[in-house]
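Sequences listed follow chains A and B, in order. Under the working numbering, the first residue of the first sequence carries the number 467, and numbering increases by one thereafter. Under the working numbering, the first residue of the second sequence carries the number -18, and numbering increases by one thereafter. Where is the CB? At the ideal position from N, CA and C, for every residue including glycine. Note that the structure is a prediction, hence the values are computed from the model and not measured. Scroll down for the structure; my scribbles are underneath it.
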Amino acid sequence: MDTLRISDYRKRLEERALHPLLHTSKGYYLLVGFLLLVIGWGAFAYSNQLRQGLIVTGMRDRISWGLYITMFVFFIGISHAGTLISAILRVTKAGWRTPITRMAEFITVVALMVGGLMPMIDLGRPDRIQNLVLFGRWQSPLLWDVFAITTYLTGSIIYLYLPLIPDFALCRDRIAGKVSPLKRMFYRVLSLGWRDTPAQKKYLAIAMGMMAILIIPVAVSVHTVVSWIFAMTLREPWNNPMFGAYFVAGAIFSGMATLILLMAILRKVYHLHDYIKDQHFLNLGYMLAGFTLIMGYFNASEYITSGYKMAGEAPFHFNQMFNGPLAPMYWFYAIGGLVVPGLIMLIPITRTVTGVLVAAVLVNIAMFLERYFIVVGGLRVPLMAYPPSSYAPSWVEWSVMAGAFAGFSLIITVFVKVFPLLAVWEVAEHYEEERIKVPRKETEPEPALEPVPAARREVSRPRALRPEFGHNPGGDHGGAA
Amino acid sequence: MDERNKVDRGKPRDRDNVRQRDALSRRQFLKVAGAGAVGIAVAGSGLAVVTAAARAADKPGPTGGDHLHPADATTSTRLRRWAMVIDLRSCDGCQSQGTPPQCTTACIQGHFAPEPIEWIQIYEHELPGGGTQFIPTPCQQCQNPPCVNVCPVGATWSTPEGVVLIDADRCIGCRMCMAACPYDRRFFTWTDPPKPPEAAFAQYHPERNFPLRKGVTSKCVFCPDLARAGRLPYCAQGCPNQAIYYGDLEEDLATNGKDVVALSKFLSENQTYRLKEDLGTKPRVFYIPGHGQAVGRDPFKHGRKPTEWPWMKNLEGAKTWTRSG
Ligand code: SF4
Ligand code: SF4
Chain A
467 MDTLRISDYR KRLEERALHP LLHTSKGYYL LVGFLLLVIG WGAFAYSNQL
517 RQGLIVTGMR DRISWGLYIT MFVFFIGISH AGTLISAILR VTKAGWRTPI
567 TRMAEFITVV ALMVGGLMPM IDLGRPDRIQ NLVLFGRWQS PLLWDVFAIT
617 TYLTGSIIYL YLPLIPDFAL CRDRIAGKVS PLKRMFYRVL SLGWRDTPAQ
667 KKYLAIAMGM MAILIIPVAV SVHTVVSWIF AMTLREPWNN PMFGAYFVAG
717 AIFSGMATLI LLMAILRKVY HLHDYIKDQH FLNLGYMLAG FTLIMGYFNA
767 SEYITSGYKM AGEAPFHFNQ MFNGPLAPMY WFYAIGGLVV PGLIMLIPIT
817 RTVTGVLVAA VLVNIAMFLE RYFIVVGGLR VPLMAYPPSS YAPSWVEWSV
867 MAGAFAGFSL IITVFVKVFP LLAVWEVAEH YEEERIKVPR KETEPEPALE
917 PVPAARREVS RPRALRPEFG HNPGGDHGGA A
Chain B
-18 MDERNKVDRG KPRDRDNVRQ RDALSRRQFL KVAGAGAVGI AVAGSGLAVV
32 TAAARAADKP GPTGGDHLHP ADATTSTRLR RWAMVIDLRS CDGCQSQGTP
82 PQCTTACIQG HFAPEPIEWI QIYEHELPGG GTQFIPTPCQ QCQNPPCVNV
132 CPVGATWSTP EGVVLIDADR CIGCRMCMAA CPYDRRFFTW TDPPKPPEAA
182 FAQYHPERNF PLRKGVTSKC VFCPDLARAG RLPYCAQGCP NQAIYYGDLE
232 EDLATNGKDV VALSKFLSEN QTYRLKEDLG TKPRVFYIPG HGQAVGRDPF
282 KHGRKPTEWP WMKNLEGAKT WTRSG
């Protein structure tokens, strides 16, 4: 069997993972420059809003939330890509996850930072934001959001950081001579004196195991309370006990789609084909397809139960959704966001990486539109005898939105240069484990550099977090340096 | 149940403001009345007791705990429970006079509310059969107020008298309350609102809603300061048909400026209802069903004159906005 020796595998992996930290192309600077430009434009638009007030937006009394709150829900939604998906995969010990968890966790942290900013941008008096602390009322759903999001952000940063510690140590030991002193110090400090000792490994494994379990309820609670901003009101489509679960499902759904996109981009740019395999895309594609069914189920439950009775404002709401002004968005969501992605994964010829990518793009757009029609549609239902209002975002809102997306991309772009993209030690551990298993499976030759078998093979063989499994057979990890 | 939303706001700042506010509110009222903007007679008899209470409040005396209001400074421990009854039988949307609804105008003039703010707004509601009725709609002063429940900073709260107020100095402009209010009764100042010259001398107080601030919510405040001074709210003063009764559930009295009624009896005998009663918001604004028949309105005569903001005529080119986008 001509598979790579573990030590060679590890060496190549390290090279690949650390490569972006050392080499920066011209294109990278161009991208950063472009993103900064867009962010600057968004900041300029926002400064306009600061000066003149929210009058520069398309929002008014009747439809008093718009694109900003849509983006808030959307970004908090995609933040579920990371931590939740990676934690669930970790807890269920799905071995194939190892090369993608880091990226997923990046998305979480960045999306939370950007998403958390949105309600602040939406405030009429951002100069009084300290009132949330000075006079915060725990009875308000907005305050629940403040608590939930800060908890989730803190938890996600810890959860991102823990598996980074050995990788920081790797950076410290491997590339210290080739980077600026500042970066060197950064790695030294953040690696917390990691020496790969069995005791350290044991504690890290315990900490990660705990965080993986703790973060799941936190993540679920976050999107539940985001939905409660709407569900705690008495408005027709929002006043819905199912909203929490619906939002959580939508969050995971759009989170996976975003993860797929990011994986595709980074794999292409940094040539990670050896680690991020087609199978990863397909696995996530299957999960995506599963979630189209869950989302469809929620929609069906909502529309059938309220459509059967047609009580109160339901007829108006149905009309605006199915053939009124929101209908194009709704139908794009229902068909482009649920049916088509489901079909792509169902039909064998489209069940490819390209297919998964198309599905992911569709789902991302659809979920953004879904957030939009939930926010705007809920406010559009007239409360009294007045004609329905309309809302169209102004150039300021569009610009801030562009700035937010650019900010999201920029932080990820910078992260890529500072943190190893792959969780090197986890990927290596997973590979080692697979290699150790191989002799038991004589009949199944494993091709070189194929460390990622399908998840189902994993189920019977719990792995990795067991501390005693850290004996490092390659022996070339730089712990002793 | 009613207790749960009552946030006691007896902070020093509020207490200090009480006297100044009283002085100012009277001065302001005289100014408005003197200018002839609202030349409406004020009801005397029905609110005599109220006036007495207000007078008692002006004297230095024991402060009745931490309460916000001077009325509480009497030895009585009873609280006002302000309420409003709108007799839709007498409301014709000011069709017969051919003017914009005068309650709205009076409110706008009294508070210098800028366009497009109509804290009391006349909705024309369709009746079965094709006719319409006019429903003057102030803030309903809910006793289980969804707006208060959701405010993250306590910038909107129920006073012990049952009035929902907004502190424009605390509000962060998140508009959570606007999403929560089921009556479309909260207004946002989307930019620095146009102000009359008087604003330069007035001190802000939540009970008066003046001067307005940028980037915060506002709404009908039920004019408890006028009531304590023995006057009816501007809207009740303004209504030419005396369709709006205002009074105190505790004292069981209300008046429209002409008649004085025993509130409990009046409410019961006239099949009063409250808007969207099924939501459980428990408003303090009651309606007597009708379509202006008492003043001879034909329900099939549709439409009313659009609202105007007369005081703004002097502010050419002031920056305003619209309510719906
Ligand atoms: S807009 Fe102001 S009053 Fe309304 S909920 Fe927000 S902070 Fe409270
Ligand atoms: S009518 Fe609206 S603003 Fe007034 S108390 Fe009720 S919920 Fe609040």
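What does DSSP give as the partner residues of residue i in its beta bridges?
i	result
Tyr333/B	One cannot answer for residue 333/B here, as it falls past the ends of chain B, which runs -18 to 306.
Ala243/B	Leu234/B
Ile89/B	DSSP lists no partner for Ile89/B.
His186/B	Phe191/B
Exposed or buried, what is residue i when buried is set at 16 or more other beta-carbons lying within 10 Å of its beta-carbon?
i	result
Gln114/B	buried
Asn295/B	exposed
Tyr838/A	buried
Asp593/A	exposed
Gly590/A	buried
Met674/A	buried
Val880/A	exposed
Arg640/A	buried
Gln223/B	buried
Lys667/A	buried
Gln252/B	exposed
Thr536/A	buried
Gly519/A	buried
Ile813/A	exposed
Ala665/A	exposed
Phe709/A	buried
Pro178/B	exposed
Tyr796/A	buried
Asn130/B	buried
Tyr534/A	buried
Trp861/A	exposed
Ser646/A	exposed
Val686/A	buried
Residue i by DSSP, collapsed to three states: which one?
i	result
Leu234/B	strand
Thr198/B	strand
Gly506/A	helix
Arg65/B	Checking the sequence, you will find Met at residue 65/B rather than Arg. In this structure, Met65/B counts as strand in the three-state DSSP scheme.
His283/B	coil
Asp259/B	helix
His489/A	coil
Asp206/B	helix
Phe709/A	helix
Phe191/B	strand
Tyr226/B	strand
Ala914/A	At Ala914/A the pLDDT is 47, less than 50, meaning the model places this residue with poor confidence and gives no usable figure here.
Pro479/A	Here residue 479/A turns out to be Leu, not Pro, going by the sequence shown. Leu479/A falls in the helix class under three-state DSSP.
Glu571/A	helix
Asp73/B	coil
Lys367/B	Residue 367/B is absent from the structure shown; chain B starts at -18 and stops at 306.
Ala825/A	helix
Leu484/A	helix
Just to check my reading of the structure: residue i and residue j have Cβ atoms closer than 8 Å, yes? What is that Cβ distance to the nearest angstrom?
i	j	result
Trp290/B	Glu96/B	5 Å
Val202/B	Thr170/B	Not really, about 15 Å apart at Cβ, beyond 8 Å.
Tyr164/B	Leu248/B	Actually they are not in contact, since the Cβ atoms of Tyr164/B and Leu248/B sit about 19 Å apart, beyond 8 Å.
Ile695/A	Asp611/A	6 Å
Arg312/B	Trp63/B	One cannot answer for residue 312/B here, as it falls past the ends of chain B, which runs -18 to 306.
Val504/A	Gly869/A	6 Å
Arg603/A	Gly135/B	5 Å
Gly621/A	Leu680/A	7 Å
His689/A	Val714/A	5 Å
Would you say residue i faces chain C, with C-beta separation under 8 Å as the test?
i	result
Leu589/A	Of the chains in the structure shown, none is chain C; the protein chains are A and B.
- Message: If we require 4 or more residues per run, which alpha helix (DSSP H) segments fall completely within the region 512 to 563 of chain A?
- Response: As far as the region 512 to 563 of chain A is concerned, its whole alpha helix (DSSP H) runs of at least 4 residues are 533 to 544, 548 to 557.
- Task: Scan the region 102 to 175 of chain B and note each continuous beta strand (DSSP E) run of 3 residues or more that stays entirely inside, going in chain order.
- Result: Listed in chain order, the complete beta strand (DSSP E) runs (minimum 3 residues) inside the region 102 to 175 of chain B are 102 to 107, 113 to 118, 137 to 139, 145 to 147.
- Which parts of the region 588 to 676 of chain A are runs of the alpha helix (DSSP H), unbroken and 4 residues or longer, counting only runs that do not cross its ends? Listed in chain order, they are 597 to 600, 607 to 627, 630 to 640, 647 to 656.
- Every unbroken alpha helix (DSSP H) inside the region 734 to 810 of chain A [4 residues or more]: Listed in chain order, they are 744 to 775, 780 to 788, 793 to 797.
- Going along the chain, which unbroken runs of the alpha helix (DSSP H) with 4 or more residues stay wholly within the region 842 to 907 of chain A? Counting only runs of 4 or more, we get 861 to 884, 890 to 903.
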